[in-house]
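Residue numbers (the numbering used here), protein chains in the order written: chain A, 1 to 281; chain B, 282 to 574; chain C, 575 to 909; chain D, 910 to 1216. For reference, the structure discussed in these notes is given below.
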């Protein structure tokens, strides 16, 4: 049985004119234990909306509908808010695109890590502190003991993302959702962060959902890939067939637009396939 | 000015740039953002400058575009020495180098219609009558792939890719010799990125433009560049032809950079997936239990 | 942090010089020369005029007069009142506690109620609570407080007879002045009746004076909260599974308070302006009434000295708020 | 490739969670009209403007005419009220309604003149400070700090004490006091804008300093300035009324609302309407302007608009 199973998910927002705008429409997603799933899409594809719905982080105005939304056998749609809160942070966790903005500027890194532990574990203060040090060590932050007292603005973007990973993995969740975790980072730092995520994923056997726009990141990390376009699923396949034999025309167009696939000639563009991607509103 | 074919369009000799921070209390601190950059770009060629954030590539771009002045060293445009500090810049010199920025949302004046965005450089640099300026602006608009009806619209009505087309059109309105492209496709989606790269290539072929292309993305650099300069901490650690540098990167930093860049290669993906499967079998659990602490 | 404090202190120097210049120039801008102003209606003979000009140093070159003026200030000489002949500084000190007591009550009321209302409106955004709170705040913000004071007097003093119309305390109450605060002194003297009288006298002026700051603080708190609630770190906090209460009252409020503190600091200047009106209407024996009386009495030495002292108080408060801002904002504290 | 036919492939540019684009004037106007409070404020203000313009036609009586047989007549709907004096009369037998109608002229002119003075000088000073920076900026901003160190009403009072009481002097004094707010706001906006890439692009295209300041940067700073202008408009009305109330603004028998209140103070126990009516007029006017100001702020501030 899949760890996370979502069937026929639609998320819509009421627009100013009273119509519904569908951010995602009729999406099925399943994630297995120990799997790395990448959700790929360009801007406007609403690729993170489904996972935000799973985490219950969409704004209250969002209208979420699904036939099934199950995590580890529990029906997320019928859980009380309290039960949802018990799950998130402990069994499923999420990290975001802007590492510095993801951390509260007013609290120390240590406080923010230990807060999760206090919420979800029975550890006492000393044990929490000890665990926080271990976590910072595990995500590769030097001098963890000293760093616990630091504020987010005193750290680099890469370090902040490591801290976020430490917070997210504090209770060894079974599902980690990473929303463009390396987009704001330099390539060398990106590699370190991705390696870290994959290592933790393998060590803890957790499922990892990686939301990204970067085909390179997909190629280096994913087991399975969902391609999303304008709120719809275009393709759901394993990573090898995605790159060797893409089925959907959109995926094919996307891959052919990669500069590395074109040598020095002209690049085929997606507009050859889709309605003008830059159509006027 | 004699800008014959043999004079490089752009040449810098030992360009340095210092930033002084602090003051009042705690003393001043000088940071050298550029540590002596030498480069030379021939007409019609593209030099790509690669590096990570803070390596000084944008500082270099601004100096070449004569927005900031260097602390030391020489900047020559078509063989002519640029001395902002001493003599200021003549309009003629200013016209020769134009720049396109990374952020398509910040580079157009929100209160200016597209037609005016394009006509403004002509108004500032030529004595053409109004109608002629509008004519040329319209022609340029069409050339970069936009439509007649876009002429009187405001920037917010355009997508990122369209804005970048407009920014490029504005830059080449005054027929510059050199175009500095500061991460021109980094903010764009893959599909739009391809369109813009194609456009830049077409324009280069048509007008014989010379490009300095600043980027952090090696796959894009590989696609566009003739020569590549890799920068790290304000230094040019490697500066060679594209083919040479991609065939055999010499400097350790270049190698680190190359190694960190994700590769899309079906064989290596297969290998990775197989490795993972093997590792799982080895540890003996196909569906591992969560490690509890 | 040390550098931050030093920077702030250094910025004060030019401002302070500027303020003394303003005060210095003020008297010289008045029509007629200072001696004639001092003499007022009575007039003065030519010799006496010259004598006085020399005595006060008005015949010196301007820069010399300014230097003398500033050195006088530094020695605590803020001039003498024309009408009472007492030093301006001691008159100021005698009245300052009254204004301070009123101002403190008002700012505390405004901050507590304003922050609470702002938070409530922000977390119930769009609901009737939000609309009523913000509607009320807008009315308060638009209120001509001198009229508001009159209305309250009509209602509570004349019609209902609940509160006294003027003064700080009933004339029948006597106790030694220790701190200058009636609320504290009456308790120190062990006179609950006097304390009650002081409270009754304080209520209306406090409400009047707090009205505009209350509205401003409520509006600022709401918008700061709304902005903070949209930040990514709030998402992080929610994704940790924290309760909404903890997310709002700890994670959001801690950040939203940073701009609110600045706003509260800025209200001090507004408060002193309001004190002029409030004290006039309620015959509150504080700085505001003193200034108004002096202006209408043309007691310009008092106006000059008072202007300077009030500006100094405002600057001192602003400095305190700046430092407090640095203290509660880690991005300033640990750079 | 046949996906073009897929009816569900919308445009890739829709981003419901992203920030909306910066609104141009027309779009702002639509957004403004969607704000109920702002529209109410606008309607009230329009009525007030009409009232001020057509005061001689609307007012039932001459505002300075003293009816000796009708001192302190209560409003018409009360006992002893007289239908010809709808809102009653004051202690000198003048019709309160007529005085209020003429008073609208003063309040609106005060608001306009003060804002015009403060806005123009503030923009000028702030533009120079923000654009050139360095010591020019420091010097200008220190001067603004000095003005701001004095409570505004006190400074206005003292200024009036120097130049003499009266409506015009009061307006000048209030303009001086409000001006630093415009200067600071302009400076901040200019500093934020001047390093934006479109400004650099214009400079690279050859625009002069003056052109950059006035044509390129300034139009993009106008949003917050317009909001500040409306808020200052209401502040000016309040301050002028306060000065009038303290006897330092318009002088009797001018039917300025604050001055009317000052004259009415002694009748606080005997004739409440003399006190109440001018205050209501001030409150309504200020409230209307502030409603407009809030609407404009929501319109121009995309951060608050995101919901």
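Glycine included, every Cβ here is placed at the ideal spot set by N, Cα and C.
Note to self: Would residue 580 of chain C pass as an interface residue toward chain D - the criterion being a Cβ-Cβ separation below 8 Å?
What the structure shows: False, the Cβ-Cβ gap to chain D never drops below 8 Å.
Margin query: Against chain C, which members of the region 96-123 of chain A pass a CB distance test of less than 7 Å?
Written below: Within the region 96-123 of chain A, the residues whose Cβ lies closer than 7 Å to some Cβ of chain C are 96, 98, 101, 102, 103, 104, 105, 106, 115, 116, 119, 120, listed in chain order.
Checklist line | Chain-ordered neighbours of residue 1067 of chain D on chain C, where CB pairs are closer than 8 Å | finding: Result: 600, 869, 877, 881.
Notebook entry, point to check: residue 145 of chain A: buried (16+ other C-beta within 10 angstroms of its C-beta) or exposed?
Noted result: Counting of Cβ neighbours within 10 angstroms places residue 145 of chain A among the exposed residues, the total staying below 16.
Notebook entry, point to check: Looking only at its own chain, which residues have a Cβ that is under 6 Å from the Cβ of residue 353 of chain B, when we skip the five neighbours before and after it?
Noted result: So the list reads 297, once near-sequence residues are dropped.
Item checked: chain A contact residues for residue 503 of chain B, given Cβ-Cβ distances below 8 Å -> Those are 259, 260, listed as they occur along chain A.
Item checked: Whole alpha helix (DSSP H) elements within the region 756-824 of chain C, 4-residue minimum -> Complete alpha helix (DSSP H) runs here, min 4: 756-762, 766-803, 806-813.
Item checked: Rounded separation between residue 1015 of chain D and residue 1165 of chain D - CA only -> CA-CA distance, residue 1015 of chain D to residue 1165 of chain D, rounds to 6 Å.
Notebook entry, point to check: Which whole-angstrom value is the C-beta distance of residue 1080 of chain D and residue 1149 of chain D, which I expect to be below 8 Å?
Noted result: Distance from residue 1080 of chain D to residue 1149 of chain D at the Cβ level is roughly 7 Å; contact confirmed, criterion being Cβ atoms closer than 8 Å.
Checklist line | Test item: CB-CB of residue 554 of chain B and residue 462 of chain B under 8 Å | finding: It is not a contact, given that the beta carbons lie outside the stated cut-off.
Check: Can you tell me the Cα-Cα spacing of residue 127 of chain A and residue 824 of chain C, whole angstroms?
Finding: Rounded to whole angstroms, residue 127 of chain A to residue 824 of chain C spans 23 Å at the Cα level.
Next item on the list: Mind listing the chain C neighbours of residue 1181 of chain D? Cutoff is C-beta to C-beta under 7 Å, in chain order.
Entry: Proximity of chain C to residue 1181 of chain D at the Cβ level (cut-off 7 Å) is accounted for by 728, in chain order.
Check: Is the shortest distance between the beta-carbon of residue 1151 of chain D and the beta-carbons of chain C less than 8 Å?
Finding: So, interface residue.
Note to self: Across the region 1197-1207 of chain D and the region 705-721 of chain C, are there enough close Cβ pairs to call them in contact, namely three or more that are closer than 8 Å?
What the structure shows: At 8 Å Cβ cutoff, the stretches touch.
Next item on the list: In angstroms with no decimal places, state the Cα-to-Cα distance between residue 293 of chain A and residue 557 of chain B.
Entry: Given a span of 1 to 281 for chain A in the structure shown, any question on residue 293 of chain A remains unanswerable.
Checklist line | Given 8 Å, three or more beta-carbon pairs between the region 845-862 of chain C and the region 614-633 of chain C | finding: Output reads no: the region 614-633 of chain C does not touch the region 845-862 of chain C.
Notebook entry, point to check: Looking at the structure shown, is residue 190 of chain A part of a helix, part of a strand, or coil, going by DSSP?
Noted result: In this structure, residue 190 of chain A counts as helix in the three-state DSSP scheme.
Checklist line | First and last residue of the uninterrupted beta strand (DSSP E) at residue 65 of chain A | finding: For residue 65 of chain A, the uninterrupted beta strand (DSSP E) segment begins and ends at 63-65.
Note to self: Can you look up residue 380 of chain B in the DSSP assignment and give me helix, strand or coil?
What the structure shows: In the structure shown, residue 380 of chain B sits in a strand (DSSP, three-state: E or B).
Note to self: Against chain C, with Cβ distances strictly below 8 Å, would residue 1019 of chain D count as a contact?
What the structure shows: No, no contact with chain C.
Next item on the list: Flag this pair as yes or no: are the beta carbons of residue 673 of chain C and residue 862 of chain C separated by less than 8 Å?
Entry: Less than 8 Å separates the beta-carbon of residue 673 of chain C from that of residue 862 of chain C.
Notebook entry, point to check: By the 10 Å Cβ neighbour count, where 16 or more other Cβ atoms means buried, how is residue 910 of chain C classified, buried or exposed?
Noted result: Coverage of chain C is limited to positions 575 through 909, which leaves residue 910 of chain C absent and any answer about it impossible.
Check: Whose Cβ in chain C lies nearer than 9 Å to the Cβ of residue 1143 of chain D?
Finding: Those are 715, 716, listed as they occur along chain C.
Check: Under the rule that 16 or more other beta-carbon atoms within 10 Å means buried, what is residue 701 of chain C, buried or exposed?
Finding: By the neighbour-count rule (16 or more Cβ atoms within 10 Å), residue 701 of chain C is not buried but exposed.
Check: Which one of C:671, C:772, C:884 has the shortest CA to CA distance from residue 753 of chain C?
Finding: In terms of CA proximity to residue 753 of chain C, C:671 leads the group C:671, C:772, C:884.
Note to self: For residue 661 of chain C, list the residues DSSP reports as bridge partners.
What the structure shows: According to DSSP, which records beta bridges pairwise, residue 661 of chain C is partnered with C:654.
Margin query: Using a 10 Å radius around the Cβ and a threshold of 16 neighbouring Cβ atoms, would you call residue 698 of chain C buried or exposed?
Written below: When all chains shown are included, residue 698 of chain C counts as exposed.
Next item on the list: Give every residue of the same chain whose Cβ lies closer than 8 Å to the Cβ of residue 1063 of chain D, excluding the five residues on either side of it in the sequence, and list them in chain order.
Entry: Excluding positions up to five away in sequence, the list is empty.
Note to self: Can you confirm whether residue 813 of chain C, when its beta carbon is compared against all beta carbons of chain A, has any partner nearer than 8 Å?
What the structure shows: At a cut-off of 8 Å, the C-beta of residue 813 of chain C has a neighbouring C-beta in chain A.
Notebook entry, point to check: Between the region 205-219 of chain A and the region 22-35 of chain A, do three or more beta carbon pairs fall short of 8 Å?
Noted result: Two segments are said to touch when three or more pairs of C-beta atoms, one from each, lie closer than 8 Å; by this definition the region 205-219 of chain A touches the region 22-35 of chain A.
Check: Using a C-beta cutoff of 8 Å, does residue 344 of chain B count as contacting chain A?
Finding: No, because no Cβ of chain A sits closer than 8 Å to the Cβ of residue 344 of chain B.
Notebook entry, point to check: Name the chain A residues whose beta carbon is nearer than 9 Å to that of residue 904 of chain C?
Noted result: Think of a sphere of 9 Å around the beta carbon of residue 904 of chain C: the chain A residues whose beta carbon falls inside it are 105, 106, 107, 108, 151, 152, 153, 154, in chain order.
Check: Can you give the Cα-Cα distance for residue 1013 of chain D and residue 1055 of chain D, rounded to whole angstroms?
Finding: For residue 1013 of chain D and residue 1055 of chain D, the distance between alpha carbons rounds to 33 Å.
Notebook entry, point to check: When the Cα atoms are used, what is the spatial distance from residue 2 of chain A to residue 1104 of chain D?
Noted result: The alpha-carbon separation between residue 2 of chain A and residue 1104 of chain D amounts to approximately 51 Å.
Notebook entry, point to check: Taking Cβ-Cβ distances below 9 Å as the criterion, which residues of the region 1092-1107 of chain D are in contact with chain B?
Noted result: For the region 1092-1107 of chain D, which is checked against every Cβ of chain B, the residues closer than 9 Å are 1105, 1106, 1107.
Notebook entry, point to check: With DSSP run on the structure shown, which of helix, strand or coil describes residue 339 of chain B?
Noted result: In the structure shown, residue 339 of chain B sits in a helix (DSSP, three-state: H, G or I).
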